[in-house]
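FYI, the numbering for the sequence shown is 1 to 156, going by the UniProt record's numbering.
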Amino acid sequence: MSDVGSLAEAARKRKERLKNLKGKQNTTESEVADSELSEKLPKPVFRSYRPHDENLQESLLPTTKPEDVTVKVKDQLDATKIKDVVEEVDLMNLAPRKPDWDLKRDIAKKLEKLERRTQRAIAELIRDRLQNSDQDLALVVNAGEAIARTEEDEDD
1 MSDVGSLAEA ARKRKERLKN LKGKQNTTES EVADSELSEK LPKPVFRSYR PHDENLQESL
61 LPTTKPEDVT VKVKDQLDAT KIKDVVEEVD LMNLAPRKPD WDLKRDIAKK LEKLERRTQR
121 AIAELIRDRL QNSDQDLALV VNAGEAIART EEDEDD
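Below you can see the structure in the form of structure tokens.
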């Protein structure tokens, strides 16, 4: 039983010590809080309120005048005016393209080569035909021009 009595005695002593510590802590905190509040209170600044007390008149902010913004507004209005600029519209970019336009673009170089070869071959065939025939070169050229003119007249 002596164990129970000594344990109860130890618990009672601990409670007293804790009570004393809490009491000391509360008194020091309240003293510190009171001293800090009196030191840290900010000085009031009156912006939209005019105090009646003469002591508070010194905390009043001076009245400010609004800035003149007419020049700034005029500049902004001038900048926003739409200037009529007529630009030519590229109809090729606006018109829808045919589905095979990219294929035509890709083979254009190859077609140019083939066109040159074709023209050379035609010229060579004409030369061979003229050399084999007994007709005069000038007569054949004139006949070709006459045929071209008649075809042109028929088209018009």
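Yeah, the Cβ is synthetic: ideal placement off N, Cα and C, and Gly gets one too. These numbers come from a predicted model, not from an experiment.
Between residue 59 and residue 81, the CB-CB gap reaches or exceeds 9 Å. In the same chain as residue 61, and ignoring 5 residues on each side of it, the C-beta atoms closer than 7 Å to its own belong to 45, 46 and 47, in chain order.
For the 9 Å CB-CB criterion, residue 140 and residue 130 form a contact. For secondary structure counted as the beta strand (DSSP E) over 3 or more consecutive residues, the segment 55-132 holds no complete run. For the pair residue 75 and residue 67, the Cα-to-Cα distance works out to about 16 Å.
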